[in-house]
Structure formats: structure tokens, C-alpha cells
Amino acid sequence: MTEQTRFKEKLRKKLLSIKPDFNDHDLETGIERFKLFEGKAGDLIVKKGERCDTIFLAEKSISRCYIWDENHEEKTIWIEPEMSFLTEFKSFKSGEKSGANIHLYEDSLVYLIEREQLFNLYESYHEWALLGILFLEEFLHYTMAFSHQMHFNNATQNYKLIEEKYLRYLNIVPLKHIASRLNISPVHLSRIRNKPGENSKN
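In full-length UniProt numbering, the protein residues as written are 1 to 202.
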């Protein structure tokens, strides 16, 4: 099995995890609309100032979305694990230029589908329209639950959450990016990591 074939099977399983009763013919027809490219560590798959009309799926790379704040410092908006659907949502929906960058941390095959192709699937295949609704419900539930937990946790609890659920981040993502995601300074994060009884697992 080639890498491309293996990744295609992962994409199929990802879509079926959202809609297990997907019609085989319609599923395969839609998958053929996805394009494949080889991403490299550090690649920007979305660039600030350019329009983002694409949804991405990186097979093996953690990805990060970031902006620049009023002090011209990078501010991490989100970090997502491999096999997550990624886009700059505001630009994707509005057609406006993106205000953020999205980059890969690791070399990875990446699938993409353009908005026009995706909406053509929605219009042509009821199964794909249902998938879009189910995905949106799943995404909103995940985002709201995670944001709620992050909001009410303190910084130490949020770091422990990363250790428990996203341990690979600690081996791949620079600590300054994790600190930015937690909205704390790198020094504060270092203190959390060095607290007695709070030793990290990496």
C-alpha cells in the first residue's frame, strides 16, 4: 500500500466517523474531489493577506494558526493535532483576505478541497450535505467544550490538559507557542513545568 493509498483510507475513515452510514458511491465520488500535496515542516498552508477558500487535512503534522497582536508579536489562536480539518474560518466563509497564518510543524501529506468543490458536493449529493451539517455540529460541540474548559481552568490545569490529551504537542510544538495558546508568558509556563509534582512527560 502506497503512502497516498494509506492516507486516502484514513480520509475515508475520518469521514465515516462523522457519518457512518455514508453511501459508498457518494463517498467515493466526493473523495475524488480532494487534491493531495506534500507539505514540509514550516510550510504556510494559509497566508495572511491571501484569501482562504480551502479546507485542509494533514496526515501526520500538528498545525497552528496565529496572528500578530498590536505589539507585533505572534499570538497563537489554535493548535490542532494531525488528521484535523483545518481552515481560516472567517476568510473561508466571507471570502475576505485572511488575517492569520496556518503552518505545519512536520512533513506530511496534505489533502485539500476547495470551497467551490465542497459546495458542489453539498448541492449534488444529499449525503454530503448531511455530512456538512454533522461536521458543523461536531466541530461546534468540540470547540465550545474545549473553550469552556480552558476558560475556567487556571494555567496549570490547562497545561495538565495538554499533557493528558495532547502529549505529542510537548515533543513537537515550541513551548513559546504553547504558552501563547494558554495566554501566559514562556516564563510562567516554565515555572508550571518545573513545579514539584508537575513534571512534564516529555
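Idealized CB from N, CA, C, for every residue including glycine.
First and last residue of the uninterrupted beta strand (DSSP E) at residue i
i           : result
H103        : 101 to 104
I62         : Where I62 is concerned, there is no enclosing beta strand (DSSP E), given that its DSSP letter is neither H nor E.
V46         : 44 to 46
T76         : 74 to 80
residue 204 : Because the chain spans 1 through 202 in this model, residue 204 falls outside it and cannot be assessed.
N- and C-terminal bounds of the alpha helix (DSSP H) containing residue i
i    : result
Q30  : Rather than Gln, the amino acid found at residue 30 in this sequence is Gly. Residues 24 to 31.
L182 : No alpha helix (DSSP H) holds L182; DSSP gives it neither H nor E.
Y169 : 169 to 172
E9   : 3 to 18
Y166 : Where Y166 is concerned, there is no enclosing alpha helix (DSSP H), given that its DSSP letter is neither H nor E.
S94  : 89 to 94
Residue burial classification, residue i (beta-carbon count within 10 angstroms, cutoff 16)
i           : result
K176        : exposed
L136        : exposed
F22         : buried
Y169        : buried
V187        : exposed
L88         : Per the sequence shown, the amino acid found at residue 88 is Glu instead of Leu. The residue is buried, with at least 16 neighbouring Cβ atoms inside 10 Å.
L182        : buried
A179        : buried
F56         : buried
K201        : Annotation note: pLDDT 44 at K201 (below 50); position unreliable, no value reported.
residue 203 : Missing from the structure shown is residue 203; the chain here goes from 1 to 202 and no further.
I62         : buried
F146        : exposed
Candidates the options, of which the one nearest residue i by Cα
i    : options                : result
L44  : N71, L86, E3           : L86
S91  : Q157, D69, V173, R115  : R115
R64  : L161, V187, R193, I172 : I172
Y122 : R6, T29, H148, L109    : T29
E74  : E59, K48, H25          : K48
Q117 : Q149, S180, F34        : F34
S94  : E50, A145, E70         : E50
Residue i, DSSP secondary structure in three states
i    : result
E127 : helix
L121 : helix
K201 : Residue placement at K201 is poorly supported in this model, since its pLDDT is 44, which falls under 50; the coordinates still yield a value, given next. Here K201 sits in coil by DSSP.
T34  : In the sequence as presented, Thr is not what sits at residue 34; that position holds Phe. The answer is coil: DSSP assigns F34 none of H, G, I, E or B.
K195 : coil
L189 : helix
T143 : helix
G132 : helix
K40  : coil
Any non-hydrogen atom of the ligand NAP within 6 Å of residue i CB
i   : result
C65 : Among the components modelled here there is no ligand, and therefore nothing to report on the ligand NAP.
Three-pair Cβ contact test at 8 Å for the stretch 8 to 25 versus the stretch 109 to 128: yes
Touch test, the stretch 4 to 16 against the stretch 103 to 117, Cβ-Cβ under 8 Å, three pairs minimum: yes
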